[in-house]
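Take a look at the structure set out below.
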Amino acid sequence: MSAMSDPQIESAVKDLMAASWSELPHSLVEEAKKAVSKSTDDAAGQEALKNVFRAAEACEEFGGVLVTLRMALDDLCGLTGENVGPLPGYVEDAVKSTFNRYMTYLESFGPDEHFLRKKVENELGTKMIHLKMRCSGIGSEWGKVSPF
Numbered sequence: 001m002s003a004m005s006d007p008q009i010e011s012a013v014k015d016l017m018a019a020s021w022s023e024l025p026h027s028l029v030e031e032a033k034k035a036v037s038k039s040t041d042d043a044a045g046q047e048a049l050k051n052v053f054r055a056a057e058a059c060e061e062f063g064g065v066l067v068t069l070r071m072a073l074d075d076l077c078g079l080t081g082e083n084v085g086p087l088p089g090y091v092e093d094a095v096k097s098t099f100n101r102y103m104t105y106l107e108s109f110g111p112d113e114h115f116l117r118k119k120v121e122n123e124l125g126t127k128m129i130h131l132k133m134r135c136s137g138i139g140s141e142w143g144k145v146s147p148f
């Protein structure tokens, strides 16, 4: 991440990176929006903040999808696995689509956004592993999913 000359932008980026992206606090969203819309000479810092904020919002939304899918799997199999069986086709397709979207999103980060990719992996990787644990017979490509 490049050095930022505007302290308000730098603070907003640091606060976003430190927060959990499962559910962004309203005050943090307001702080980021205020810093993004302010007039400043730190265009590079503002662009970095926009990228972090977009990633945080995307993770919040996609994380909700992952939790919903995990809950659907729990409903199908039972919380203790008493109803384990083959997944219905539509659920299997949803799990595969989720994996593909996750990997495509991770690959979209450039080399200068390594810090952002790691944050996304940290936020979404655990939820992806929760899906993986509930499915058998999924491809070896799921070995690429990491919470770190």
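In case it helps, full-length UniProt numbering puts the sequence shown at residues 1 to 148.
Glycine included, C-beta positions come from ideal geometry on N, C-alpha and C.
Values in this document were obtained by computation on a predicted structure and should not be read as measured data.
- As summarised for the segment 90–145, the continuous alpha helix (DSSP H) elements at least 4 residues long and confined to that stretch are 114–133, given in chain order.
- Within the segment 37–91, the alpha helix (DSSP H) runs of at least 4 residues that lie entirely inside it are, in chain order, 43–77.
- For S27, the secondary structure class from DSSP, reduced to helix, strand or coil, is helix.
- Here A94 has L69 as same chain residues with Cβ atoms under 7 Å from its own Cβ, once five neighbours each way along the sequence are excluded.
- Residue environment: M128 is assigned as buried (16 or more neighbouring CB atoms within 10 Å of its CB, all protein chains considered).
- The Cβ neighbour count for V84, taken over all protein chains shown within 10 Å, is under 16; the residue is labelled exposed.
- Taking C-alpha positions only, C77 is separated from K50 by approximately 40 Å.
- A19 carries a coil assignment under DSSP once its states are collapsed to helix, strand and coil.
- D42 is a Cβ neighbour of M4, given a cutoff of 8 Å.
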